[in-house]
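The sequence shown begins at 509 in the working numbering and counts up by one. Below is one structure, written out as structure tokens; the observations come after it.
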Amino acid sequence: MKHYLSKFKTNERSPARPKWTHAFSSAIGGLIGIASIGLIAEWTQTPMLIAPFGATCILAFGVPDSPLAQPRNIIGGHLIAGIVGLCCLYWVGDSIFSMSLGVGISLAIMQLTKTVHPPAGADVMVIILTHASWSFLFTPLLTGAIVLVLVALMFNNAHKTRKYPKYWR
């Protein structure tokens, strides 16, 4: 127990606060990302705004250098979690166990495929709680993830201090 408790002690300090210009720019990126999905949803009369996309914006525009914010992680993570969530819903049902199983399996598959994207873990819960159909995988998940990646590519690279993505593979 003493060894375990010793892990909570640290001399490390939290990272430095970003410059206000980075924070402001990140806010604009998130605004444009969600607005883009919202406008597409209005034009197509298709519900596309889901909470996990807000969290994806935090990564894609707030910490675009993070491995968790790379295009393969955003698209792959949402796709994997969507497939797993739908399989859990249709094979296991709409229970706490199904959600727990789905999040755990999604995490393991994302780790093994190098596509970890934390917001995608919420996709499993959204799918199960709303009894989503298989079409949810394409709209909103895949479509929304692709839109956010495209916006992140254009927006982040429009800044001289940002380069996105850090890697593709």
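A virtual CB, placed ideally from N, CA and C, is assigned to each residue, including glycine.
By the Cβ neighbour-count rule, residue 573 is exposed, with fewer than 16 other Cβ atoms within 10 Å of its own. For the 7 Å CB-CB criterion, residue 585 and residue 611 do not form a contact. Within a 10 Å sphere around the beta-carbon of residue 593 sit 16 or more other beta-carbons, which makes this residue buried. In this model, residue 618 and residue 512 are separated by some 28 Å (Cα to Cα).
Counting the other Cβ atoms within 10 Å of the Cβ of residue 518 gives fewer than 16, which makes it exposed.
In the three-state DSSP reduction, residue 549 falls in the helix class (H, G or I). Listed in chain order, the alpha helix (DSSP H) runs fully inside the region 567 to 638 are 579 to 599, 604 to 620, 629 to 638, counting runs of at least 4 residues. When C-beta atoms of the region 599 to 609 are compared with those of the region 532 to 539, fewer than three pairs fall below 8 Å, so the two segments do not count as touching.
About 6 Å separates the CB atoms of residue 672 and residue 660; that is less than 8 Å, so the two are in contact.
Per DSSP, the continuous alpha helix (DSSP H) segment holding residue 654 begins and ends at 651 to 665. Distance from residue 549 to residue 556 at the Cβ level is roughly 4 Å; contact confirmed, criterion being Cβ atoms closer than 8 Å.
The Cβ atoms of residue 657 and residue 582 sit closer than 7 Å to each other.
A Cβ-Cβ contact shorter than 7 Å links residue 568 with residue 577.
The alpha carbon of residue 633 has as its nearest neighbour, out of 510, 665, 509, 596, the alpha carbon of 596.
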